[in-house]
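In what follows, a structure is listed as structure tokens, so that the remarks can point back to it.
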Amino acid sequence: MPELPEVETTRRLLEQALVRKRIVSAEVRRPRMVRRHENPGDFVARVTGRTILALRRHGKFMLADLTQDITWVTHLGMSGRVSLARTGEPEPAHTNVVVRVGGGVEMRLVDPRTFGFVAAYTRDELGASPLARLGPDAYESLPSAEELEAQLAARTAPIKPLLLDQTVVAGLGNIYADEALHRAGIAPDRPGGSLTLDELRRLRRSIRTTLDAGLRWGGTSLDDLAYLLPDGRAGEFASRLLVYGREGEPCRRCGTDVKKAVMRQRGTHWCPNCQR
DNA sequence: ACCTCCCTGGCC
DNA sequence: GGCCAGGGAGGT
Numbered sequence: 162m163p164e165l166p167e168v169e170t171t172r173r174l175l176e177q178a179l180v181r182k183r184i185v186s187a188e189v190r191r192p193r194m195v196r197r198h199e200n201p202g203d204f205v206a207r208v209t210g211r212t213i214l215a216l217r218r219h220g221k222f223m224l225a226d227l228t229q230d231i232t233w234v235t236h237l238g239m240s241g242r243v244s245l246a247r248t249g250e251p252e253p254a255h256t257n258v259v260v261r262v263g264g265g266v267e268m269r270l271v272d273p274r275t276f277g278f279v280a281a282y283t284r285d286e287l288g289a290s291p292l293a294r295l296g297p298d299a300y301e302s303l304p305s306a307e308e309l310e311a312q313l314a315a316r317t318a319p320i321k322p323l324l325l326d327q328t329v330v331a332g333l334g335n336i337y338a339d340e341a342l343h344r345a346g347i348a349p350d351r352p353g354g355s356l357t358l359d360e361l362r363r364l365r366r367s368i369r370t371t372l373d374a375g376l377r378w379g380g381t382s383l384d385d386l387a388y389l390l391p392d393g394r395a396g397e398f399a400s401r402l403l404v405y406g407r408e409g410e411p412c413r414r415c416g417t418d419v420k421k422a423v424m425r426q427r428g429t430h431w432c433p434n435c436q437r
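Sequential numbering of the first sequence, starting at 162, is according to my numbering.
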């Protein structure tokens, strides 16, 4: 589940291996994984020979600043992960994109469902890309309760899909949105505009606490192990989840059965007693 | 401000 | 065999 903690954990491990390295070659095995280019060759041509100056993150997008004002963007989608390896080591199935740097190290983008993607933007293209429409990063730039209140004031949509929208805050996905709402004691179907300032203060704190916890444990690897850290280890946050994936199990706070319903086509988990 | 669709693998 | 899954874009 690549959401903010998984992408950030991935970014931190990649940073040590990739920053200040020159991209020696790149390979695209699944053309579909390269978005917003006429053909995959354009991505390869734009990144090859350039040096990685910095590795950043905004929401669930990972951004590598390359020399000559090119930004290499990676998104892990639903089922993507990154594997860091030495060239020649056995490849995991569904290794769809490979980027090699000096020293025989390569970054492999592994993604069975191919909902993830890479792209290489010029400065102008980046400004016109979907990235430009992201809200503030939920971890680095979490808005104040007052700012959240202003953003949500006129919104009638339920708070859960608003948290997934990426325009109010960027980086929460289906797991961490459910977790943060539980921690805040707010029901997922509450209209966004109905949250009081006090509730928004709780929500804000809960987002921070939830993301911190996810990061501390290396993110959430579910049973299918679709998400793994770049070194192949599993994230250990799954066993500490409060509500996600715990339908019918007792709420860790009050013992009430955790409920699950579908909201805007996404499974939504909450405690009907703790969350109002 | 909604749905629908994009894919594949794993589970029932 | 059908259903479900971490996300986002695109169209209505």
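For glycine and all other residues, C-beta sits at the position ideal for the given N, C-alpha and C.
Please read these numbers as outputs of a predicted model, since none were measured by experiment.
Between the alpha carbons of residue i and residue j, how many angstroms are there, rounded?
i: LEU335; j: ASP350; result: Contrary to the premise, residue 335 reads as Asn rather than Leu in this sequence. When rounded, the distance between both Cα atoms is 14 Å.
i: THR429; j: THR235; result: 27 Å
i: LYS421; j: MET223; result: 31 Å
i: ARG316; j: GLN327; result: 15 Å
i: LEU237; j: GLY375; result: 17 Å
i: GLY332; j: GLU169; result: 10 Å
i: ASN200; j: GLU360; result: 48 Å
i: ALA280; j: ASP272; result: 15 Å
i: SER355; j: LEU364; result: 13 Å
i: CYS435; j: ALA341; result: 12 Å
i: PRO304; j: ARG414; result: 27 Å
i: GLY409; j: ARG401; result: 16 Å
i: LEU284; j: ARG217; result: Position check: residue 284 holds Arg in this sequence, whereas Leu was assumed. Between ARG284 and ARG217, the C-alpha separation is close to 15 Å.
i: ILE368; j: LEU295; result: 17 Å
i: ALA318; j: THR171; result: 32 Å
i: GLY393; j: ARG427; result: 28 Å
i: ASP418; j: GLU164; result: 26 Å
i: VAL266; j: PRO253; result: 15 Å
i: ALA225; j: LEU179; result: 9 Å
i: ALA215; j: GLU176; result: 8 Å
Determine the contact status of residue i and residue j, defining contact as a CB-CB distance below 8 Å.
i: VAL262; j: VAL185; result: yes
i: LEU325; j: ALA314; result: no
i: MET424; j: LYS321; result: yes
i: LEU383; j: HIS343; result: no
i: ALA306; j: ARG362; result: yes
i: ARG181; j: THR212; result: yes
i: LEU174; j: LEU386; result: no
i: PRO166; j: GLY380; result: yes
Could you give the residue range of the beta strand (DSSP E) that holds residue i?
i: TYR282; result: 278-282
i: ALA321; result: Here residue 321 turns out to be Lys, not Ala, going by the sequence shown. Here LYS321 belongs to no beta strand (DSSP E); instead the alpha helix (DSSP H) covers 320-325.
i: VAL168; result: First-last for VAL168: 165-179, but that is the alpha helix (DSSP H), not the beta strand (DSSP E).
Leaving out five residues on either side along the sequence, give the residues of the same chain with a beta carbon under 6 Å from the beta carbon of residue i.
i: ARG437; result: ALA348
i: ARG193; result: THR275
i: VAL205; result: ALA187
i: ARG207; result: ILE231, ALA281
Starting from residue i, trace the alpha helix (DSSP H) both ways and give me its first and last residue.
i: ASN257; result: Taken as a continuous stretch (DSSP letters only), ASN257 belongs to no alpha helix (DSSP H), being part of the beta strand (DSSP E) at 256-262.
i: VAL208; result: 201-208
i: ARG118; result: With the chain running from 162 to 437 in the structure shown, residue 118 is simply not present.
i: ALA387; result: That residue, ALA387, is in no alpha helix (DSSP H); it is neither H nor E in DSSP.
On the DSSP bridge assignment, give the partners of residue i in chain order.
i: ARG217; result: LEU224
i: LEU245; result: MET268
i: VAL189; result: VAL258
i: ALA315; result: In the DSSP output, where bridge partners are listed per residue, ALA315 has none listed.
i: TRP233; result: ALA225, ALA281
i: PRO297; result: The partner list for PRO297 (beta bridge, DSSP) is empty, contrary to what the question assumes.
i: ILE184; result: VAL262
i: THR381; result: GLU397
i: ASP418; result: PRO411
For residue i, which residues from the same chain have a beta carbon less than 7 Å from its beta carbon, with the 5 sequence-adjacent residues on both sides left out?
i: ASP298; result: HIS219, GLY220, ALA331, GLY332
i: THR371; result: TYR337, GLU340, ALA341, ARG344
i: GLN229; result: ARG211
Take residue i and list the residues in its own chain whose beta-carbon comes closer than 8 Å to its own, dropping the five residues that flank it on each side.
i: LEU323; result: LEU313, ARG316, VAL329, GLY353
i: ARG196; result: PHE278, VAL279, ALA280
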